[in-house]
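Right, one structure below, let's go through it.
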Amino acid sequence: MTDMNENQMRAAAETVEKFDVIILGAGINGAGLFRDLCLQGIKCLIIDKADFGSGTSAAPSRLIHGGIKYLETGELGLVAQSTLERNLLLRNAPHCVEPLATFIPSFSLMKGAFAALRTLFGSTTAPRSRGALLIKIGLALYDLYGARHRVMPKHQFMFRKRALAEMPEVTPRIVAGGIYYDAKICRPERLVWELVRDGLDACPGARAANFTTLLGQKDGVLTFRDPEGAEWQASGDLVANAAGPWIDHVNAMLGAESKLISGTKGSHILLSHPDLVRSLKGRMIYFEADDGRICLVYEYLGLALVGSTDIKAADPENVRCEDDEIDYFIASLRSLLPRLHFDRDQIVYAYSGIRPLPASDASQPGLISRDHSAPILEPVANRPFPIISLVGGKWTTFRGFAEEVADTILARIGKARATSTQMLAIGGGRDFPVDDAARKAWIAARATKTGLAPQRVAMLLARYGTTADLVMKDAAGGAGQTELTHVSGYSAAEIDWIARHEMVEHLADIVMRRTTLAIEGRLSAEALDEISRIAATSLGWSEERRSEEVAMVCAHLQRFNRVHL
């Protein structure tokens, strides 16, 4: 084979897309960084081997919390950042994040106090039990750390009689209880997508690609394969590795071996249990199981979400909630709420994920730090770009983590920050009507304008925030607004809009991430068939492709989520 001539070499070079920053991994950390950098005018490419927010970011406890448990491991700086970011998310994403009153029971008066003091002074053993004194001190500190941009009340503390009056189904073995405030996120997968969408809107040269595989890099050029099998290349001045549990694997593919991640597995189940949901009174119970581990249960979209385990694990491709974990959850609930009935038949969905925690030799998974870091691998001869790996972190602190990494990147490429994200609304949180009067006015105005029923407008606002305006504008007055036969509350126009406007590649993207249909347990074989036919029309799928998509969703739900359609 002859060497390329000058024109051929120039043509080959021109086929390599050039970016300032390439971000590998479009979970919450990668999407947060993408948005932040794009807002600074930095031309970014973000890539994910699956869908946006489909990995670890789709498997959290769905809490936006200040990390009260980090007080007992001495991570006070993390508590300070987490409580601030929780308050900011309540302001910036009110369509997805809402306050959550939390009841924390105590089963003793003094237990754990001395162990907690030892932890603050360097001990590597957390308290096995958390007595009333320790909880009271912790809640007072939590209020103090959460003072910046406070949007929720301070805690209450009560002894047994009053605590049982507040939460009568809780076991009478408690001696005291406290009520404090954190938050929950109803649609985390959608928020990841909205961060990506915000980034694309902010920087015309930016690009996002899901279901795109990294094949490797050579002399600074990264090669990818798209969903259709075509290969393409891109280069960047810097690569940010936000691949979560896959960080070390991605670094190896870039020619930079690392050992940065020490994952732990967290599993959850969702129960159809109206009596339990009523007994919670809109609160989460954050409780100590009989073995001293922390569990939680709260109402999520009409179901009861129960979690979570914390088990060392290293295989994010095959993680699922196992039988022994379910047994543990059910036993813990029976002990906490003895008058209520619990069994496996109440489970409508289960999920699990690997937390991408920093490499650690801690004796207990719960003692591995939940803080984040961004170590840099400097360029070498055959890799002319540095790699910044986004290690650790959690849902609540993604914005602050992104800001820290973005500032590091801006300093390295010699550009100044143009925009702060601290008070910047996300996606459908922009211009969101936050009080009852504003919400009623917003709904009434749209109902009049579009001809849709107010109840329908309210439903769309709850799902999409003010992005509902685009959904309604695109389909106002059309026959497609008729409710689906097998999925109440959804219309053909709504599914069609998602398929055409939200970078959908597969049926699972619609039912598992752009909507909450799967996790709510609302899918049946008939519903999946109906939704797939709408998606097939919107995306030009053949009948063979449509059938394959249905089969893939059914297989995934059965293998990973304990759902049999």
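Taking the working numbering, I'd label the letters of the sequence shown as residues 393 to 957. Even glycine gets a Cβ: it sits at the ideal position worked out from N, Cα and C. Given the structure is predicted, the values throughout are model-derived calculations rather than measurements.
- Note that the C-beta distance between Ala884 and Ile926 is below 8 Å.
- It is roughly 52 Å from the alpha-carbon of Ile722 to the alpha-carbon of Glu409.
- Sixteen is the threshold: when 16 or more other Cβ atoms of the shown chains lie within 10 Å of the Cβ of Val471, as they do, the residue is buried.
- With a cutoff of 8 Å on beta-carbon distance, Pro771 and Val783 are scored as not near each other.
- DSSP, reduced to helix, strand and coil, places Asn774 outside both helices and strands of the structure shown, so it counts as coil.
- Here His764 is bridged, per DSSP, to Gly784.
- Residue environment: His764 is assigned as buried (16 or more neighbouring CB atoms within 10 Å of its CB, all protein chains considered).
- For Asn710, no beta strand (DSSP E) run applies, since DSSP gives it neither H nor E.
- In this structure, the straight-line span from the alpha carbon of Asp823 to that of Glu586 is close to 15 Å.
- The count of Cβ pairs closer than 8 Å, one atom from the stretch 437-445 and one from the stretch 602-616, reaches three, so the stretches are in contact.
- Residue range 676-680 is occupied by the beta strand (DSSP E) that includes Met676.
- Minimum Cα-Cα distance from Gly636 among the listed residues Leu668, Asp574, Asn421 corresponds to Asn421.
- Of the candidates Trp933, His948, Leu862, Ile577, the residue whose Cα lies closest to the Cα of Val903 is His948.
- The stretch 564-581 makes contact with the stretch 488-502, as at least three CB pairs between them are under 8 Å.
- Per DSSP, the unbroken beta strand (DSSP E) holding Ala742 starts and ends at 739-747.
- Taking 8 Å as the upper bound for CB-CB distance, Ile818 and Val797 are not in contact here, some 18 Å apart.
- Straight-line spacing of the CA atoms in Val588 and Tyr856 works out to 15 Å.
- DSSP places Met944 outside any beta strand (DSSP E); the residue lies instead in the alpha helix (DSSP H), whose first and last residues are 935-953.
- Residue state for Cys430 is assigned as helix, using DSSP reduced to three classes.
- Contact check for Ala450 against Gly745 passes: the beta carbons are separated by less than 8 Å.
- By the Cβ criterion, the stretch 798-814 is not in contact with the stretch 449-468, since fewer than three pairs of Cβ atoms, one from each stretch, lie closer than 8 Å.
- Taking C-beta atoms as the reference points, Tyr690 and Leu672 count as a pair closer than 8 Å.
- When rounded, the separation of the alpha-carbon atoms in Leu536 and Phe793 is 22 Å.
- Looking only at Lys832, Thr842, Thr840, the smallest Cα-Cα distance to Ala850 is reached by Lys832.
- A Cβ-Cβ separation of about 6 Å places Val567 in contact with Ser500 under the 8 Å criterion.
- Separation of Leu909 and Val896 (C-alpha to C-alpha, rounded to the nearest whole angstrom) is 15 Å.
- Collapsing the DSSP output to three states places Ile926 in a helix.
- Under DSSP, Ser883 forms a beta bridge with Glu875.
- Under the DSSP assignment, Pro491 falls in the beta strand (DSSP E) whose first and last residues are 489-498.
- For the pair Lys786 and Asp618, the Cα-to-Cα distance works out to about 29 Å.
- When C-alpha distances from Pro545 are compared across Gly530, Thr494, His898, the shortest belongs to Thr494.
- For Asn479, the enclosing alpha helix (DSSP H) begins and ends at 468-484.
- One alpha carbon belongs to Ile703, the other to Asp715, and they sit about 14 Å apart.
- In the structure shown, the three-state DSSP call for Asp629 is strand.
- Within a 10 Å sphere around the beta-carbon of Glu649 sit fewer than 16 other beta-carbons, which makes this residue exposed.
- For Leu606, the enclosing beta strand (DSSP E) stretches over residues 605-610.
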